[in-house]
Amino acid sequence: MAGTVIDTPRRRASARRRGAAGQVAEVTPALAWYGLFMVAPLVAMIVLSFFSWNSLVASPQPNGLDNYAYLFQDQILRVAVVNTILYVGIGLLLIIPFGFLLGFFLSRRPRGHAVLSIIFFTPWIVSASARAMMFTGLYQPNGAINSILDVIGLGDLGRVWLADPATALAAVIATEAWAGIGATAVIFSSALGRIPDEVYEAARLDGAGIWREIFAIAMPLSKDFIGLMTMLQFLWLFLGSAGTVLLLTKGGPGSTTMTLSFYLYDQAFVSGRLGYSQTIGVVGLLVGLLGMGIIRYAFRTKD
Numbered sequence: 062m063a064g065t066v067i068d069t070p071r072r073r074a075s076a077r078r079r080g081a082a083g084q085v086a087e088v089t090p091a092l093a094w095y096g097l098f099m100v101a102p103l104v105a106m107i108v109l110s111f112f113s114w115n116s117l118v119a120s121p122q123p124n125g126l127d128n129y130a131y132l133f134q135d136q137i138l139r140v141a142v143v144n145t146i147l148y149v150g151i152g153l154l155l156i157i158p159f160g161f162l163l164g165f166f167l168s169r170r171p172r173g174h175a176v177l178s179i180i181f182f183t184p185w186i187v188s189a190s191a192r193a194m195m196f197t198g199l200y201q202p203n204g205a206i207n208s209i210l211d212v213i214g215l216g217d218l219g220r221v222w223l224a225d226p227a228t229a230l231a232a233v234i235a236t237e238a239w240a241g242i243g244a245t246a247v248i249f250s251s252a253l254g255r256i257p258d259e260v261y262e263a264a265r266l267d268g269a270g271i272w273r274e275i276f277a278i279a280m281p282l283s284k285d286f287i288g289l290m291t292m293l294q295f296l297w298l299f300l301g302s303a304g305t306v307l308l309l310t311k312g313g314p315g316s317t318t319m320t321l322s323f324y325l326y327d328q329a330f331v332s333g334r335l336g337y338s339q340t341i342g343v344v345g346l347l348v349g350l351l352g353m354g355i356i357r358y359a360f361r362t363k364d
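Residue numbers (the working numbering): 62 to 364.
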């Protein structure tokens with residue numbers, strides 16, 4: 062018949078080539094943007110880590126491996142690495158489990174769950190400076206925490222929380238956890254709400270209690286989402302600690318609250334050692350990749 066297109070191997074191959082060319086054309090801009098805004102800054106950081114650059118108005122001077130050699134002599138860096146591990150590890154142990162439990166509670170849609178979701182999420186949208194001012198007031202010698210301890214007869218436990226080396230890091234972590242638990246709970250509740258009610262009803266018929274519903278149903282069915290949230294919170298704690306530490310303690314007392322991200326900021330913008338700060342950035346990149354790999358491995362799905 063006139064106008065009928067005959068399908069031949071050559072015509073099919075040509076169509077595949079045109080389709081592949083179209084896909085390449087669509088992907089190329091995305092790769093260009095990724096290279097410009099992701100790969101290029103990482104490459105620049107690595108390159109600058111081999112330079113001595115002590116001022117924004119000065120020219121970077123190559124110094125080989127001197128910055129990396131100094132890493133092994135830098136006592137503050139060692140403290141910062143340990144503090145970062147504690148900061149992120151304890152933060153995740155507080156935010157993910159408590160956020161999951163609160164999220165499970167919200168997913169069951171209790172009375173007033175919409176209002177509770179807003180209340181839980183509010184700390185996350187409070188600005189970092191406002192949050193720091195609030196907790197600075199709580200941690201003051203005459204602040205709310207010490208006042209409550211006095212009222213209940215535990216005044217001897219009172220501290221200058223942010224100035225005591227024994228409590229400063231814990232106080233900073235608590236500030237971060239306060240903001241993270243509620244928001245994580247709201248996000249978890251959205252994911253857990255997709256689990257069919259019939260699954261829980263069947264478990265109840267078998268005599269399952271609330272804890273069995275959580276550990277035998279909710280957690281296994283949302284394992285991938287828990288892993289995703291753990292990775293996102295890991296990145297937030299790891300990279301965002303600089304702002305919290307800066308506003309609350311500036312790394313003190315001494316270096317007891319110094320973290321890698323804050324130490325990078327301190328070396329770049331306070332001490333003016335821009336080249337060495339990029340070396341610290343490389344260390345932070347490696348630590349971050351290691352942490353993400355561990356989380357990925359812990360929450361891997363076995364086929």
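Using N, Cα and C, we set each Cβ at its ideal position, and we do this for glycine too.
Given the structure is predicted, the values throughout are model-derived calculations rather than measurements.
Residue environment, L350, which counts as buried when at least 16 other CB atoms sit within 10 Å:
exposed
Who does F112 pair with in a DSSP beta bridge?
P123
Run through DSSP, which three-state label would M195 get?
helix
Work out the CA separation of A205 and V100 for me, nearest whole Å.
47 angstroms
Cβ-based burial, N203 [other Cβ within 10 Å; buried from 16]
With fewer than 16 Cβ atoms within 10 Å of its Cβ, N203 is classed as exposed.
Between which two residues does the alpha helix (DSSP H) containing W302 stretch?
The sequence shown places Ser at residue 302, rather than the Trp named in the question. It spans 284-309 - the alpha helix (DSSP H) in which S302 sits, taken as one unbroken run.
If we count the other Cβ atoms within 10 Å of its Cβ and call it buried at 16 or more, is V85 buried or exposed?
At V85 the pLDDT is 48, less than 50, meaning the model places this residue with poor confidence; the figure from the coordinates comes in the next sentence. It is exposed - the Cβ of V85 has fewer than 16 other Cβ atoms within 10 Å.
Cα-Cα separation, Q136 to I179
44 angstroms
Local conformation of Q339 per DSSP, three classes:
helix
Excluding the 5 residues preceding and the 5 following P314 in the sequence, name in chain order all residues of the same chain whose CB lies nearer than 7 angstroms to its CB.
Excluding the 5 residues flanking it on each side, P314 has same chain C-beta neighbours closer than 7 angstroms at A224, P226, A229, in chain order.
Cβ of G152 within 7 angstroms of Cβ of I234?
yes
L321 versus P158: straight-line alpha-carbon distance, rounded
25 angstroms
Kindly indicate which residue of G268, A277, G243, E262 has the alpha-carbon position closest to the one of M290.
G243
Alpha helix (DSSP H) runs contained entirely in the stretch 138-168, provided each spans 4 or more residues
none
Delimiting residues of the alpha helix (DSSP H) encompassing D225
Looking at the DSSP string, D225 is not in any alpha helix (DSSP H), and its letter there is neither H nor E.
Compute the beta-carbon to beta-carbon distance between I107 and V343, rounded to the nearest angstrom, for a pair I have assumed lies under 8 angstroms.
6 angstroms
Measure from the C-beta of G304 to each C-beta in chain C and report whether the shortest distance is under 7 angstroms.
The chain labelled as chain C is not found in the depicted structure, where only one protein chain is given.
How about V306 and T317: do their beta carbons lie closer than 7 angstroms?
no
Closest by C-alpha distance to T340, when choosing among P123, V118, L132
Comparing Cα positions, the closest option is L132.
Could you check whether the stretch 293-309 touches the stretch 181-188, counting it as contact only if at least three pairs of C-beta atoms, one from each stretch, sit closer than 8 angstroms?
Result no; under three Cβ-Cβ pairs closer than 8 angstroms.
Of the listed residues G241, L266, E237, L282, nearest to P257 (C-alpha basis)
Selected option, being the one with the closest Cα: L282.
How about S116 and G333: do their beta carbons lie closer than 7 angstroms?
Yes; because the gap between Cβ atoms is below 7 angstroms, this pair is in contact.
Helix, strand or coil for S332 per DSSP?
coil
Would you say the beta carbon of R357 is closer than 6 angstroms to some non-hydrogen atom of the ligand ADP?
Questions concerning the ligand ADP fall outside what the structure shown contains, since it holds no ligand whatsoever.
Taking all protein chains shown into account, decide if D327 is buried (16 or more other Cβ within 10 angstroms of its Cβ) or exposed.
buried
Please list, in chain order, all residues of the same chain as A63 whose beta carbon is under 6 angstroms from its beta carbon, the five residues on each side excluded.
Confidence at A63 is low in this model, with a pLDDT of 49, below 50, so the placement of that residue should be treated as unreliable; the coordinate-derived value is given next. So no residue of the chain qualifies.
Per DSSP, what kind of secondary structure is A269 in: helix, strand or coil?
coil
For W222, is the classification buried or exposed, using 16 other Cβ atoms within 10 angstroms of its Cβ as the cut-off for buried?
Buried, since its Cβ has 16 or more Cβ neighbours within 10 Å.
On a Cα-Cα basis, can you pick out the residue from V212, N124, F165 that is closest to I287?
F165
Kindly indicate which three-state DSSP category F133 falls into: helix, strand or coil?
coil
Return the chain-ordered list of same chain residues with a C-beta closer than 6 angstroms to the C-beta of G352, the five sequence neighbours on each side being excluded.
F295
Among A105, T197, G125, nearest to T310 - alpha-carbon criterion:
T197
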